[in-house]
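> If you scroll down you'll find the structure; I have some questions about it.
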Amino acid sequence: MSFFAFIIFFFLFFVVTNSDPKIPCIKDDDCPKVEFPRYILCINKFCENMPLALVTTPLVENDVVGR
């Protein structure tokens, strides 16, 4: 019985999620909306997942290419 429990437990870790999808975009409005405190912004023509701290801090010129 413990063998079957091990198999079930082991296969729980094979759940694959795509945490870094490459969604093409032209502007920020093209990216999907997410819950606070994260933002998805259009950077280099792809939607990038950004934490709130990076969005609210001023960026240095040429820090993010393509914005």
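Quick note: the sequence shown uses the working numbering, first residue 1, plus one each step.
Just so you know, even glycine gets a beta-carbon here, dropped at the ideal spot from N, CA and C.
How many angstroms separate the CA atom of Phe-13 from the CA atom of Phe-6?
Approximately 12 Å between the Cα atoms of the pair.
> Measure the beta-carbon distance from Lys-22 to Phe-46 and round it to whole angstroms, keeping in mind my assumption that it falls under 8 Å.
Yes, they are in contact, since the Cβ atoms of Lys-22 and Phe-46 sit about 6 Å apart, within 8 Å.
> Consult DSSP for Phe-13 and reduce its assignment to one of helix, strand or coil.
Correct three-state label for Phe-13: helix.
> In terms of residue numbering, what span does the beta strand (DSSP E) encompassing Ile-43 cover?
Taken as a continuous stretch (DSSP letters only), the beta strand (DSSP E) holding Ile-43 covers 38–43.
> How many Å lie between Pro-37 and Pro-51 at the Cα?
Rounded to whole angstroms, Pro-37 to Pro-51 spans 7 Å at the Cα level.
> Would you mind reading off the limits of the beta strand (DSSP E) that contains Glu-48?
From DSSP, the beta strand (DSSP E) with Glu-48 extends over 46–51.
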